[in-house]
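Accompanying notes for the structure given below.
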Amino acid sequence: MAEARRSAVVTNAAKKEKSRLRQNIESLLIALLVALAIRATVVEAFWVPSGSMLPTIQIGDHLFVNKLAYGFHIDIPFTGEDWIFRYRTNPYVTVFPRGEVWEGHLRLSISQPHDADPASFKSIFEQEIKLIREYVDYAGKQVATYNDALPVWAEQAVKDRRDRLARHGNIAALLDIPLAIRPGAPSITPVNVGIRRPPALPLPPKTGLAPEPGITDETFEHILRFIRHQGRTFERTPSTYAVHGEEDLRNIVLAQLNGHFQGDAVGEAFRGKGKTDICIEQDNRAAFVGECKLWTGPADLSAALDQLLGYLTWRDSKAALIMFNTKNKNFTNILEAIPETLRAHSLFLRDLPCPEAGEWRVQMRSAEDAGRRVTVHAFVFNLYQDPGPRAVTS
């Protein structure tokens, strides 16, 4: 009896093992049938047999095609910055190229319905390439415009900073070509106020902007007051001075200036240069230039300005243009012509305050260095004398 039971248990175990094996085989067969069905109706493997799709797909490559909506990816290499593709162009385009921006290449994905004409892939691909090239062309023009403008912006930024440093440093005010009043020189002002040379101040350390000599504004104003006093003296006795030419008038003014001022080491602070010029020089550059001219018209005034501004000057130079009218009866016309001629000059920058009648002050560029500024103060003194009626002899 026991033997019969053992035989029945073995038989049942064998049946269960066969049943499990059959189930596994059936599952594999079902999976195979499903895969074949999908391949036949939806997805099919293709092998590229020729070079018709080079260079994006190489011979021997494999890909899967979706028969309901099939397509492929194309990698297009590029060089340069990839962020260009993420910025809006100018002119703005409403149709953008499709694709993904990867490092060093763009990836295009093109798909079509399973019944579409294969030739349509080529037209879509060419259209996308055209859009990409147009987009890159627009972006390239913008980048080129920006790059071309960079030197101008950089130069302007450097110029602005240089000007700002010059203003903040006030270098010209700290540097002084020393001029002192000669002992015993008469005062030219009604109030007897002595002129003191200010104590030398320590120069601030500067890098990239070398300190340069100059005369202080106070000294410049004192020189102008002296010239004004001298010119008005001429106007009180025009017959004494109107007979002289430009060079003689220059020598008179020069002698009077050196009678009132003295240099630090050489005695004469002011030196004659050429026939009509008066200079304060340091190291062969002018810190002050004066020029004496007879008024002959706007053209000669413009030429005199050219001569003044052509000097080798320091950064903060000052100049005086001293004009004498000896032949023009209508002095009012001269007073109207001078400011117009000053402002019409090609190196004119701006008007500066000048409260005195018959005088003008302007800021101009140096002709030898556009970065240097020259303050020009113009005088005109009327030495004209009406000759009166001539005697008639028989």
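Using my numbering, you'd call the opening residue of the sequence shown number 77 and step up by one each time.
For glycine and all other residues, C-beta sits at the position ideal for the given N, C-alpha and C.
For residue i, which residues of its own chain have a beta-carbon under 7 Å away from its beta-carbon, when the five flanking residues on both sides are left out?
i: Leu300; result: Ala396 and His453
i: Gln439; result: Leu425, Arg426, Leu428, Arg449 and Thr451
i: Leu97; result: none
i: Gly386; result: Ala443 and Glu444
i: Phe197; result: Ile186 and Gln188
On the CB-based measure, 16 or more other CB atoms within 10 Å of its CB, does residue i come out buried or exposed?
i: Ala380; result: buried
i: Glu460; result: For the record, residue 460 in the displayed sequence is Tyr; it is not Glu. Buried is the call here.
i: Asn458; result: buried
i: Ser315; result: exposed
i: Val234; result: exposed
i: Ile410; result: buried
i: Val329; result: buried
i: Arg326; result: buried
i: Val456; result: buried
Output yes or no for whether 9 Å exceeds the beta carbon distance between residue i and residue j.
i: Thr417; j: Leu384; result: no
i: Phe364; j: Phe310; result: no
i: Arg304; j: Glu435; result: yes
i: Gly180; j: Phe154; result: yes
i: Phe161; j: Tyr211; result: yes
i: Ala318; j: Phe407; result: no
i: Leu104; j: Asp151; result: no
i: Ile354; j: Gly335; result: no
i: Ala443; j: Asp382; result: yes
i: Arg174; j: Glu204; result: yes
i: Ile200; j: Leu182; result: no
i: Lys394; j: Ile291; result: yes
i: Gly447; j: Arg238; result: yes
State yes or no: is the beta carbon of residue i nearer than 9 Å to at least one beta carbon in chain B?
i: Asn223; result: This model lacks chain B altogether, as it is built from one protein chain only.
For residue i and residue j, which I take to be in contact (beta-carbon distance under 8 Å), what is that distance rounded to the nearest angstrom?
i: Ile398; j: Gly307; result: 7 Å
i: Asp193; j: Val177; result: Wrong, their Cβ atoms sit about 30 Å apart, outside the cutoff.
Going by beta carbon distance, what residues of the same chain come within less than 6 Å of residue i, once the five residues before and after it are set aside?
i: Ala242; result: none
i: Ala215; result: Ile160 and Thr165
i: Asp462; result: none
Quick one: what's got a C-beta closer than 8 Å to residue i's C-beta in the same chain, skipping five residues either side?
i: Gly321; result: Leu370
i: Arg437; result: Asp427, Leu428, Pro429, Cys430, Thr451, Val452, His453 and Ala454
### Query
What are the start and end residues of each continuous alpha helix (DSSP H) run of 4 or more residues lying completely inside the stretch 407-444, in chain order?
407-420
### Query
Whole beta strand (DSSP E) runs in the stretch 180-250 with 3 or more residues, listed along the chain?
181-189
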